[in-house]
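Asks:
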Amino acid sequence: MLIKRHERKVYTYILMMVRKPHLAEDLMQETFVKVIRSLKEGRYSENNRFQSWLMRIAHNLVIDHFRHNKQYREVSNEDSPVDLFSSPRFAEMNVEQTMVFDRVLDEVRMLVDKLPDDQKEVIMLRYYGDLSFKEIAELTNVSINTALGRMRYALINLRKTVKEKNLSLEFGF
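Numbering (this note's numbering), first residue to last: 1 to 173.
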């Protein structure tokens, strides 16, 4: 039940960071193995902040993976197999609307990927990890104001890039 409740969020976050589905699955499993071991050993002490603790473990495993393999996060041309927008509105789109939506989503992914790492991290934790700014601050070891500032600058940079490139990020439906 613990895994079922959190696996999609953890998988989505890891996938957005590593861009490889099989690697994301491996890191997600490793995350839950660490969580279960910690719980069994009585090392969990983050009262009422389980999700934040879980995401911190996932985040640290991703960082460890990149350090170990000396890889950098880069944009990938492969589509994410995760349906990040599973609301009924998106499920009812016709083929043309789906194509427009996919194009816009790809453009947003590329724009986010070009942000500085600290700004990209806040965007991904907030929108893909669904974490609060307090949780983001704890996870990244910065103050809440720093996390908010990074988000602010990320959004400013995204708007600036969209305007400079004259991109249309509207669905039109």
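Idealized CB from N, CA, C, for every residue including glycine.
Which residue's Cα is closest to the Cα of residue 120: 157, 142, 29?
Replies: Of the listed residues, the one whose Cα sits closest to residue 120 is 157.
Asks: Throw me the rounded Cβ distance for the residue 18 and residue 24 pair, which I believe falls under 8 angstroms.
Replies: Right, the Cβ-Cβ distance comes to about 6 angstroms (below 8 angstroms), so this counts as a contact.
Asks: Quick one: residues in its chain with C-beta nearer than 7 angstroms to the C-beta of residue 122, no 5 flanking neighbours on either side, listed in chain order?
Replies: Closer than 7 angstroms at the Cβ level, and outside the excluded window around residue 122, lie 136, 147, 150, 151, 154.
Asks: Near residue 133, which residues of its chain fall below 8 angstroms by C-beta distance, leaving aside the five closest residues on each side in sequence?
Replies: Same-chain partners within the cutoff: 126, 144, 147, 148, 151.
Asks: Is there at least one Cβ from chain D nearer than 8 angstroms to residue 40's Cβ?
Replies: Protein chain content of the structure displayed is limited to a single chain, and chain D is not contained in it.
Asks: Need the endpoints of the alpha helix (DSSP H) that residue 179 sits in, please.
Replies: Because the chain here runs from 1 to 173, residue 179 falls outside it and cannot be looked at.
Asks: Could you tell me if residue 6 is buried or exposed, where buried requires 16 or more neighbouring beta carbons within 10 angstroms of its beta carbon?
Replies: Buried.
Asks: CB-CB under 6 angstroms to residue 128, same chain, minus the five flanking residues each way: which ones, in chain order?
Replies: 12, 13, 16, listed in sequence order.
Asks: Rounded to whole angstroms, what's the CA-CA distance from residue 139 to residue 66? Just pull it up for me.
Replies: When rounded, the distance between both Cα atoms is 17 angstroms.
Asks: Quick one: using the 10 Å Cβ neighbour count with 16 as the cut-off for buried, is residue 22 buried or exposed?
Replies: Exposed is the call here.
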